Amino acid sequence: MRDLHAKKQRVPHNRVKKAPKERKPINWGPILKWLSRGIGASAICAVAGFGGWKAYGLVSRTTLLRLETIEVSQLKKVSRDEIITLAGVRPGDSMLGLDLKTIMARLSKDPWLEQVQVRRYFPHTLSITASERTPQAVANVGCLYYLDEKGVLFKSLSEGDRLDFPLITGITEEDLAQDPKGSQEALKNALQLIATLRSGSVFTLADISEIHYSKGYGFTLFTMQGGVPVKLGNGDFSQKLARLSNIYRDLKPQMQALDYIDLDYIDKIIVKKV
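In my numbering, each number is its position in the sequence shown, counted from 1, plus 44.
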């Protein structure tokens, strides 16, 4: 009997088998040509690099490019021999082998040298130009340091260093670490005060044994005679010291009997006796 429920399968009319594409053979000619060029260029670079390296070694070893003359600027504190030793150079060194950056780094380790310039002049000369720091004061910041004209603490004092400079106290290592900007400003103000005292004609730097700085108050001077405190505070140093100069000749014979002198006023001076 015929199955009425059987489904008839429909064959889609649009499904047509496509003929396979014909593959073209690979043209190896351009690829091999490109590879040969690349390998050739690499080989040329390698040969050139090796040849350049060998040529550099040959030129650096030749006596035609040897260091003969070392020019050094004349300084007061650091001698020519010390600079040459620190630079680590000597006659006979290869001119091409001199590393100028390394030489400058070595010289910069000397605290007395502020600016250093190193130049090489072929075929035989090395020039070292340096500027030297000049101490303006000695600062006691836990240990003694030289202070230059820019307010920079540049060298701790060692045996044989001169001590005949104005002495600044009151700024500590802790102040330098925690408040470097404020400490730097205080040191610069101390240099201004020293310059004012140097220009004085009556009360001068020679009359001072110590310049003390207090963060909460300002500056206090201590006299060479009797160690009398002279209170200045901050600012107007010229005007304050000018007022003291007007009476200092009269006060000088009485210094041993004075407790302090207070100049930190606009229009008066307070002199307190012991």
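The beta carbon of each residue, even a glycine, is placed where N, CA and C say it ideally should be.
What you are looking at is a predicted structure, and each value in this text was computed from that prediction instead of being measured.
Going by beta carbons, L111 and D137 fall inside the 7 Å limit. Straight-line spacing of the CA atoms in A149 and N278 works out to 39 Å.
In the DSSP assignment, P273 falls within the beta strand (DSSP E) that extends over P273 to G277.
For S117, the three-state secondary structure derived from DSSP is coil. A direct Cα-to-Cα measurement between Q236 and I172 gives close to 33 Å. Residue environment: V274 is assigned as buried (16 or more neighbouring CB atoms within 10 Å of its CB, all protein chains considered). Here E176 carries a strand assignment [DSSP, helix/strand/coil]. In the structure shown, E217 falls within a helical segment according to DSSP collapsed to helix, strand and coil.
Comparing alpha-carbon positions, the option among L276, D251 and F266 lying closest to R293 turns out to be D251. Judged by pairs of C-beta atoms under 8 Å, the segment 175-186 touches the segment 203-217, as three or more such pairs exist.
Counted as a single uninterrupted DSSP element, the alpha helix (DSSP H) harbouring T129 occupies residues R124 to A131.
A Cβ-Cβ distance of about 5 Å is found for the pair L288 and F247, placing them in contact under the 8 Å criterion. By the C-beta density criterion, F263 is buried, having at least 16 other C-beta atoms within 10 angstroms. Annotated three-state conformation of L235 is helix, per DSSP. Under the three-state reduction of DSSP output, D154 falls in the coil class, being neither helix nor strand. Taking all protein chains in view, the Cβ of F281 is crowded by 16 or more other Cβ atoms within 10 Å, so the residue is classified as buried. Under DSSP, the beta-bridge partners assigned to D306 are K275 and I314. When only Cα atoms are considered, L207 and S258 end up about 23 Å apart. Contact between L191 and I212 holds: their C-beta atoms lie close to 7 Å from each other, under 8 Å.
In the three-state DSSP reduction, K225 falls in the helix class (H, G or I). For the pair L119 and V318, the Cα-to-Cα distance works out to about 50 Å. The bridge partners DSSP lists for G262 are S258. Spatial neighbours of S117 in its own chain (CB-CB distance under 6 Å, excluding positions within 5 residues in sequence) are listed in chain order as T173 and A174.
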